[in-house]
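Have a look at the structure below, then the notes.
Residue numbers (the working numbering): 85 to 194.
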């Protein structure tokens, strides 16, 4: 049986990759439709829509959190101490997904 820690680790990586894939699909669409040249994309999407800017920040936030969150989960998996991380693995994954989702759908304009 797979531990909640391993599932949460896979989920965290999957969520981070899903945000990246979404961002690149949207960027690809803009490039194919020739709305923006492929050489004009900025890493933070600052020259694109507010949603695209929030998407870039949500993805960056996941990447920044991965070393700590992922490192602790990998340490627990490597040492066989998942009984320590299992109880909070799913709530932490859910919190990450909720935070990113709220960030993406924020109606507050800066």
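Quick reminder that beta carbons are idealized off the backbone N, C-alpha and C, glycines included.
Where residue 138 is concerned, the enclosing alpha helix (DSSP H) starts and stops at 134–163.
For residue 111, the enclosing alpha helix (DSSP H) starts and ends at 88–116. In the three-state DSSP reduction, residue 174 falls in the helix class (H, G or I).
The beta carbon of residue 184 sits closer than 6 Å to the beta carbons of 142 from its chain, once the five residues preceding and following it are set aside; these are given in chain order. Within the model, the alpha-carbon separation for residue 169 versus residue 187 is close to 26 Å. Residue 89 is a Cβ neighbour of residue 157, given a cutoff of 7 Å. Closest by C-alpha distance to residue 104, out of 138, 124, 133, 117, is 138.
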